[in-house]
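To start, the structure itself, in structure tokens.
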Amino acid sequence: MAEKIKIPDAVKADLPPTKWGKILGMTPIVMTVIATMLAGLASSEMTKAQYDRSLAAQLQSKAGDQWSYYQAKKLRSAVAHNTLDLLAATSDVQPLEAAALQNANTATVAALTKNQLPEAASAKFDDSVQAALDALDNSKPEAEIVAALNQVKPALLAQSLTAAQDAATAFDNASKPINKASDKFDESLMAGDKNVFRSFSAARLRYTSARYDAESRLNMAVAGIYELQVRQNNYTAEKHHARSGKFFYGMLASQLAVIISTFALAARQRSFLWSIAAVAGTAAVSFSLYVYLYV
162 MAEKIKIPDA VKADLPPTKW GKILGMTPIV MTVIATMLAG LASSEMTKAQ YDRSLAAQLQ
222 SKAGDQWSYY QAKKLRSAVA HNTLDLLAAT SDVQPLEAAA LQNANTATVA ALTKNQLPEA
282 ASAKFDDSVQ AALDALDNSK PEAEIVAALN QVKPALLAQS LTAAQDAATA FDNASKPINK
342 ASDKFDESLM AGDKNVFRSF SAARLRYTSA RYDAESRLNM AVAGIYELQV RQNNYTAEKH
402 HARSGKFFYG MLASQLAVII STFALAARQR SFLWSIAAVA GTAAVSFSLY VYLYV
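Here you go:
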């Protein structure tokens, strides 16, 4: 019969005698895994922060384009209005008669004889979005704008942007037939009666000024939504950046636990140093869960 295998006393002394001792014996491995996980989370949060910063820069560029359109159209409106004032001051301008616009559709006649713009409703926004826009338009402190934005979900802002863009497109589509008809009448009436052409020119300038004013307001609404998206993405980027830093600190605590437990294993002083490692590891896990759930 084979003899029973006996474990040397020296080896028995190194083995963890209890379940808690066995758990402490696994500390270096567990803390290494946790440190790797926290390093990945820190890197992930930093990547998200960089993405949000990049997206905010792109949105800021789009907002700048809309503000440029707004300024250009306000300038064109002012030029048309000033030209109309100059025409009225230097000559006798009579109201344009509908009979001068032969074969014109109803919208063109209403625009040039009554200065009626095409019907194109402005976009209607959710109350939370409108509150954030009002805070932005009134140049409220950044903290108030951020507080208002916290009540708005990114998906709702995206829907608001689509609505604002659709409103601008609808007005542009409704204005195109009138603009084309005005160009044709400009060519045909120029060679006719000067008084009629003068009346048409004044009516066209009046309509053009009003149209550019309406378009500029629609562009301003689009730009405002873009500005809110810029701030929202910057705020999210700052949040991810802060989370990345806290996860990094958690990783350092886990690595500290690995170092302490390794030295403890080497020195065979598990009773004290391994307990410190366990406490450090528990603190790292607790802190990381807090960051993940609440920060």
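Note that the numbering used here has the sequence shown beginning at 162, numbered continuously upward. We put the CB at the ideal spot given by N, CA and C, even for glycine.
**OP:** State the DSSP-derived secondary structure class of Leu413, mapped to helix, strand or coil.
**Re:** helix
Original post:
Of all Cβ atoms in chain D, is any one closer than 8 Å to the Cβ of Thr323?
Top reply: Annotation note: the requested chain D is absent from the structure, which comprises a single protein chain.
Subject >> Cβ neighbours of Ser343 in the same chain (closer than 6 Å, five flanking residues each side left out) >> reply: Arg365
Subject >> Minimum C-alpha distance to Leu236 - residue among Ser370, Ala293, Val290 >> reply: Ser370
**OP:** Classify Leu257 as buried or exposed, calling it buried when 16 or more other Cβ atoms lie within 10 Å of its own Cβ.
**Re:** buried
**OP:** Please name the residue in His402, Ala281, Asn340 whose C-alpha comes closest to that of Thr209.
**Re:** Per the sequence shown, the amino acid found at residue 209 is Lys instead of Thr. Checking every option, the nearest Cα to that of Lys209 belongs to His402.
**OP:** Buried or exposed for Pro302, please, with buried defined as at least 16 other CB atoms from any protein chain shown within 10 angstroms of its CB.
**Re:** exposed
**OP:** Take the Cβ of Pro279 as the centre, count every other Cβ of all protein chains shown within 10 Å, and call the residue buried at 16 or more, exposed below.
**Re:** buried
**OP:** Compare the C-alpha of Ala292 against each of Val440, Leu248, Ala200, Ile386 and name the closest.
**Re:** Ile386
Original post:
Just curious, the alpha helix (DSSP H) that Lys337 is in, first and last residue?
Top reply: 315-351
Original post:
Would you call the CB atoms of Gln227 and Val456 closer than 8 Å?
Top reply: no
Subject >> Residue range of the alpha helix (DSSP H) that includes Pro189 >> reply: 188-251
Subject >> Whole-angstrom C-beta distance between Thr269 and Leu262, which should lie under 8 Å >> reply: 6 Å
Original post:
When DSSP labels each residue in this structure, what does Asp374 get in the three-state scheme?
Top reply: helix
Subject >> Which of helix, strand or coil DSSP assigns to Ala281 >> reply: coil
Original post:
Cα-Cα, which of Leu417, Thr397, Ser405, Ala418 is closest to Leu450?
Top reply: Ser405
Original post:
Thinking C-beta only, is Ile306 closer than 8 Å to Ala316?
Top reply: no
Original post:
Can you tell me the Cα-Cα spacing of Phe361 and Ala282, whole angstroms?
Top reply: 27 Å
Original post:
Taking the Cβ atom as the reference point for each residue, do Leu379 and Ala335 lie within a distance shorter than 8 Å?
Top reply: no
**OP:** Find the nearest neighbour of Tyr396 within the set Gln277, Val313, Ala200, Gln255, judged by alpha-carbon distance.
**Re:** Val313
Original post:
When we look at the beta-carbon of Asn394 and count the other beta-carbons within 10 Å, is it buried (16 or more) or exposed?
Top reply: buried
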